[in-house]
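Inspection log for the structure reproduced underneath, given as structure tokens.
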Amino acid sequence: MIYAANFKTNHTRQSTREYLGKLQMKLLLDKNPNDEIYIFPPLTALDEYNSSDFTVGTQNAYPFESGAFTGEVGLEQLREFNIDTILIGHSERRDIIGESQEQVAKKFEFFKEQGFKIIYCIGESLEVREKGIEIVMEHLISQFEGIDTTYENFMVAYEPIWAIGTGRTASVEEITETHNRLKKVVDRPLLYGGSVKGANIAEISAIENVDGVLVGGASLKSETFLELVLH
Ligand code: 13P
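By the count of the numbering used here, the sequence shown reaches residue 236 at its end, each step adding exactly one.
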């Protein structure tokens, strides 16, 4: 299984360091060697965290080496900390920050060229979900526009927007059907995200085409994230 923690705009440099220290101690003893663990702290908390038990990635970056892009972080800054893993296409960036599919695709292309491991996020609103699975799939597939789905170093995170931070997880049936259909479109590891927590990790991780989870709220404390990883 793949377990990815997205801190979003939570944690500081200091609390991230403490978190990763606790994580490391526990993983060293109890980690299943087949599991992959990713942590995405905020940009200000990036540092040189070398561990064979987990990978630290960035939640975002600007698709340029360096240059005049006030407020953005490029490849040069990521390289300082050996970051080669990135989240792209998260619904919060699409919907709150206003990233278009074109911008998302440009970012994907740039970091693909750099050989980054990409976790590419897609998801639908409740309004779309209520229109039924065919419309949901049309919407999800439209989020692959401009994306090279043959790239070998990326995975997909399916995160229904209505399940993010709401406590309302998609049902096992909804996840099963969506992931089965997605697997036929992109043959890459598929993560589910949206209110994953200790109480539902067993049933979600048991679904055939769920290869991992992308976790927000329940990843903020090392104890609750470890509960998922070590379930
Ligand atoms: P929650 O786990 O808080 O629902 O967030 C999911 C998410 O958006 C991870 O990227």
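For each residue, glycine too, the CB sits at the ideal point set by N, CA and C.
For PHE45, which of helix, strand or coil comes out of DSSP?
-> Residue 45 sits at position 40 when you count from the first residue of the sequence shown. Three-state DSSP puts PHE45 in a strand.
What runs of the alpha helix (DSSP H), each 4 residues or longer, lie entirely inside the segment 37-107?
-> Listed in chain order, they are 80-84.
Among VAL190, GLU232, PHE69, SER57, which has the Cα closest to the Cα of PRO206?
-> For the purposes of this step, residue 206 is identified with residue 201 of the sequence shown, where counting begins at 1. It is Ile, not Pro, that sits at residue 206 in the sequence shown. If we check each option's Cα against that of ILE206, GLU232 comes out closest.
Quick one: what does DSSP say PHE149 is sitting in, helix, strand or coil?
-> In the sequence shown, counting from the first residue as 1, residue 149 sits at position 144. Three-state DSSP puts PHE149 in coil, outside helix and strand.
Where do the ends of the beta strand (DSSP E) carrying LYS122 lie?
-> If you number the sequence shown from 1, residue 122 lands on position 117. Per DSSP, LYS122 belongs to the beta strand (DSSP E) from 122-127.
At a cut-off of 6 Å, is ILE7 close to the ligand 13P when judged by its beta-carbon and the heavy atoms of the ligand?
-> Numbered from 1 along the sequence shown, position 2 holds the residue referred to as residue 7. Not so, every heavy atom of the ligand 13P lies at least 6 Å from the Cβ.
Is the beta carbon of PHE45 sitting closer than 7 Å to the one on LEU80?
-> Residue numbering aside, residue 45 sits at position 40 when the sequence shown is read from its first letter. Residue numbering aside, residue 80 sits at position 75 when the sequence shown is read from its first letter. Against a cut-off of 7 Å, the Cβ pair of LEU80 and PHE45 comes out as no contact.
Exposed unless 16 or more other CB atoms sit within 10 angstroms - verdict on LEU83 | Mapped onto the sequence shown, residue 83 falls at position 78. By the beta-carbon neighbour count (other beta carbons within 10 angstroms, threshold 16), LEU83 is buried.
Report back the beta-carbon spacing between SER96 and GLU164 to the nearest angstrom; my notes put them in contact at under 8 Å.
-> Counting from one through the sequence shown, the residue named residue 96 turns up at place 91. Counting from one through the sequence shown, the residue named residue 164 turns up at place 159. So it is a contact: roughly 6 Å between Cβ atoms.
Neighbour-count burial assignment, ARG99, 16 or more Cβ in a 10 Å radius = The residue labelled residue 99 in the question sits at position 94 within the sequence shown. Result: buried.
Does the Cβ of SER200 lie closer than 6 Å to at least one heavy atom of the ligand 13P?
-> On the sequence shown, position 195 is the one that residue 200 refers to. Distances between the C-beta of SER200 and the heavy atoms of the ligand 13P include at least one below 6 Å.
Would the segment 21-31 and the segment 212-231 be scored as touching if the rule is three or more Cβ pairs under 8 Å?
-> Output reads yes: the segment 212-231 touches the segment 21-31.
Nearest neighbour of ILE180, chosen from VAL191, ARG18, GLY170, LEU195 [CA to CA] = Within the sequence shown, numbered from 1, the residue matching residue 180 stands at position 175. With respect to the C-alpha of ILE180, the residue from VAL191, ARG18, GLY170, LEU195 having the closest C-alpha is LEU195.
Please classify ASN185: does DSSP put it in a helix, a strand, or coil?
-> Here residue 185 is taken as the residue at index 180 of the sequence shown, counted from 1. In the structure shown, ASN185 sits in a helix (DSSP, three-state: H, G or I).
Tell me whether the beta-carbon of GLU150 lies closer than 7 Å to the beta-carbon of GLN106.
-> If you number the sequence shown from 1, residue 150 lands on position 145. If you number the sequence shown from 1, residue 106 lands on position 101. In contact: GLU150 and GLN106 (Cβ atoms closer than 7 Å).
Applying the criterion that 16 or more other CB atoms from any shown protein chain within 10 Å of the CB defines a buried residue, is GLU104 buried or exposed?
-> Looking up residue 104 in the sequence shown gives position 99. GLU104 counts as buried, since no fewer than 16 other beta carbons sit within 10 angstroms of its beta carbon.
The segment 152-171 in contact with the segment 209-219 per 3-pair CB rule at 8 Å = The answer is yes - the segment 209-219 touches the segment 152-171, with three or more Cβ pairs under 8 Å.
Distance cut-off 6 Å: ILE166 Cβ against heavy atoms of the ligand 13P | Here residue 166 corresponds to residue number 161 of the sequence shown, with the count starting at 1. No, the ligand 13P has no heavy atom inside 6 Å of this Cβ.
Tell me whether ASN11 counts as near the ligand 13P, meaning its Cβ is closer than 6 Å to at least one heavy atom of that ligand.
-> Counting from 1 along the sequence shown, the entry for residue 11 is found at position 6. True, at least one ligand heavy atom lies under 6 Å from that Cβ.
Excluding the 5 residues preceding and the 5 following TYR8 in the sequence, name in chain order all residues of the same chain whose CB lies nearer than 8 Å to its CB.
-> Counting from 1 along the sequence shown, the entry for residue 8 is found at position 3. These residues qualify, in order along the chain: ASP40, GLU41, ILE42, TYR43, GLY217, VAL218, VAL220, PHE230, LEU233, VAL234.
Could you give the distance in angstroms between the alpha-carbon of VAL201 and the alpha-carbon of GLU77?
-> Start at 1 with the first residue of the sequence shown, and residue 201 comes out as number 196. Start at 1 with the first residue of the sequence shown, and residue 77 comes out as number 72. So the alpha carbons of these two residues sit roughly 30 Å apart.
Would you call the segment 132-142 and the segment 107-123 touching, i.e. three or more CB-CB distances under 8 Å?
-> As far as the Cβ criterion goes, the segment 132-142 does not touch the segment 107-123, which means the pair count is below three.
Return the CA-CA distance between GLU70 and THR14, expressed in angstroms with no decimal places.
-> Your numbering for residue 70 matches position 65 in the sequence shown. Your numbering for residue 14 matches position 9 in the sequence shown. Taking the straight line joining both Cα atoms gives about 24 Å.
Is LEU225 near the ligand 13P, in the sense that its beta carbon is under 6 Å from a heavy atom of that ligand?
-> One-based indexing of the sequence shown puts residue 225 at position 220. Because no heavy atom of the ligand 13P lies under 6 Å away, the Cβ of LEU225 does not count as near it: no.
Taking Cβ to Cβ, would you say THR154 is nearer than 7 Å to VAL191?
-> Here residue 154 is taken as the residue at index 149 of the sequence shown, counted from 1. Here residue 191 is taken as the residue at index 186 of the sequence shown, counted from 1. For THR154 and VAL191, yes; Cβs fall inside 7 Å.
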